[in-house]
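Visitor: So the sequence shown is residues 31 to 242, counted in the working numbering.
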Amino acid sequence: MDNFPEEWLQQSKNKLERHGFRVFIADHTMEARQILERLVTEFAPASASYGDSMTLRNTGILEYLAQQSSILFYDGFQPDMPREQRWEIRRQGMTADLFLTGINAVCADGSLYWVDMVGNRIAPIAFGPRHVILVAGINKITPTPEEARKRLQQIAPLNAKRHPGFKTPCMVTGTCHDCNSPDRLCNAYLTMARSYPKHRISVILIREEAGL
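(1) What number of angstroms, rounded off, separates the C-alpha of ARG52 from the C-alpha of LEU39?
(2) I'd like to know whether the C-beta atoms of ARG116 and GLY106 end up nearer to each other than 8 angstroms.
(3) Mind checking MET222: buried by the 16 CB within 10 Å criterion, or exposed?
(4) Can you name the start and end residues of the beta strand (DSSP E) that VAL165 belongs to?
(5) Is ALA78 near ASP146, with beta carbons less than 8 angstroms apart?
(6) Candidates ARG120, HIS229, PRO35: which alpha carbon is nearest ARG160's?
(7) Based on the DSSP secondary-structure assignment, which residues constitute the bridge partners of THR172?
(8) Below 6 angstroms CB to CB, which residues in the same chain sit around ILE133 once its five sequence neighbours on both sides are set aside?
(9) State the DSSP-derived secondary structure class of ALA56, mapped to helix, strand or coil.
(10) One question on the structure: do ILE236 and ILE168 come within less than 8 angstroms of each other, judged by their Cβ atoms?
Structure representation (structure tokens):
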């Protein structure tokens, strides 16, 4: 995003910090990985889990967590596992010491937005794990709450295409139909206005496009 307004990034950081979030700006994905590793070392979690996120995966931090013998890593996204087993691991991971995932939209007013199919991603963000780390590229930043909510509708069709076995109208038309498909991905929404307790949630904003 060559024309991305730098003031949106700085405004987002400043407002998020005023709202109790701990905020870092990384120039690129590898710097985000370095920040993630520092935070993991600082928090020293006995257990960790995550919500699926292309941005998070691209940092390589999940492989790093899986290699730490001191951390019980709940990975409920192994494709070779039966679905019910994956869901059970995700349930267990909701009470892990540390939870990591991405963000669907970051508003320059200092609020965060998500849309979720099952809820395993947004539930531990709101409550449970002692520490939460979120990552987002500049393509997730929007100037207003209205634009943030609009973005949630726009990413649903793109996310649906990541699941070739799913059948939703948006996969065909590219636009949201507020459907009743059994495979609907946008079943639950979360808006976070403040981090409570203060600094429970850390946000890493990456100064490049990342994820959907």
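Glycine included, each C-beta is placed from N, C-alpha and C at the ideal position.
Guide: Considering the structure as presented:
(1) 14 angstroms
(2) yes
(3) buried
(4) 161-167
(5) no
(6) HIS229
(7) CYS137
(8) LEU142, LEU164, ALA166, LYS170
(9) strand
(10) yes
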